[in-house]
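Numbering (the numbering used here), first residue to last: 19 to 406.
Written out as structure tokens, the structure is:
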């Protein structure tokens, strides 16, 4: 009995020490963040107010929720979305806010529900957090949840910063051999392509038009050729450099998009007069959408028009008489963001070499506006990635 009491006492001491050690690791972190409690971030204060680098508080480990992790951002890609916020095209009523939804980095702290071993993981952030209760979340479609708990860079502080806090399930592991700079554009450029292609139900005998080539467009070209094995992929861009890049990543044909009125005939010339089976419209301008539909538009019979891009103003409203759509039995589909499963698939495609991100350049986070100016002028070929 005495031996049992001694053994029991030793076990209690070991348990208490292990709990103390675990707590110490969680509060101190295996990766030290230093004593600085602030960080740099790109902040949005409302439409038509210049975006700015500001010093704000870091995510606080002491107040970390059980299921959350803190990630030190190593790279964050810029998106046209940031321009939409700046010019008022997007105004979701949340301000001030840190922008950015294409972030990758290293986990530096974990909540109580996660093992300490997650600290140090190289991860990419999925930017939607659904309510978990609605019909869409139950179907894994949280990107259209009507009661989002978070959407990083849209209604919640995003990844154009030195640190970001997110649920552990939103921090997906990256391959060890994938550089952060190349991984960051997966978060939107590749995942948006993956999601839109599923909605289009692309088949191997389809001819497909990618209207507008940069982050998403280059992703679509690769996906259509390497995964869906589409019969013909045609890429459209006003930029010769982007057309050359589209050919490099797999497009069968390219068309100069400088004059949208000539596009339908150019497409029909490449498809024996039939038009294409699928169009991914990544521009969102009235004239580019007009070129896709109508009696003599680029879209053929039974065609699917997938709307991915958008621009501001009534002048860019999509307008189409229904008769050609009815007679040709065409479909119009909207595509927004991506699911968590889409992101997992996107990582797999990049890891296998079936897809690669196209990076134009890297810039310091403090120079983010230079990158946005380059996007606005359409002078970048691929994504611009900020390094905090």
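Even glycine gets a Cβ: it sits at the ideal position worked out from N, Cα and C.
Put simply, the backbone Cα of residue 159 is about 18 angstroms away from that of residue 365.
As summarised for the region 82-107, the continuous beta strand (DSSP E) elements at least 3 residues long and confined to that stretch are 86-95, given in chain order. Beyond the five residues adjoining it in sequence on each side, residue 263 comes within less than 6 angstroms, by CB distance, of 399 in the same chain, given in chain order.
A Cβ-Cβ distance of about 19 angstroms is found for the pair residue 325 and residue 344, leaving them out of contact under the 8 angstroms criterion.
Looking at the backbone, the Cα of residue 107 and that of residue 101 are separated by about 8 angstroms. If the five residues before and after residue 118 are omitted, its C-beta is found closer than 6 angstroms to the C-beta atoms of 94, 171, 176, 177 and 178, all from its own chain and listed in chain order. The criterion of a C-beta distance shorter than 8 angstroms is not satisfied by residue 124 and residue 230. The beta carbons of residue 134 and residue 192 sit no closer together than 8 angstroms. Of the residues 260, 294, 394 and 304, the one whose Cα lies closest to the Cα of residue 332 is 304. By the Cβ neighbour-count rule, residue 185 is buried, with 16 or more other Cβ atoms within 10 Å of its own.
In this structure, the CA atom of residue 227 is about 21 angstroms from the CA atom of residue 339. For residue 162, same chain residues with a beta-carbon under 6 angstroms away, outside a window of 5 residues either side, are 154 in chain order.
Ranked by how close their Cα comes to the Cα of residue 59, the residues 66, 67 and 71 have 71 in first place.
In the displayed model, residue 301 falls within coil according to three-state DSSP, outside both helix and strand.
In the three-state scheme derived from DSSP, where H, G and I count as helix and E and B as strand, residue 279 is classed as helix. In this structure, 111 is the residue among 87, 111 and 90 with its C-alpha nearest to the C-alpha of residue 64. DSSP places residue 190 inside the beta strand (DSSP E), whose first and last residues are 189-191.
Sorting 336, 312 and 266 by C-alpha distance to the C-alpha of residue 283 places 312 at the top. In the three-state scheme derived from DSSP, where H, G and I count as helix and E and B as strand, residue 61 is classed as strand.
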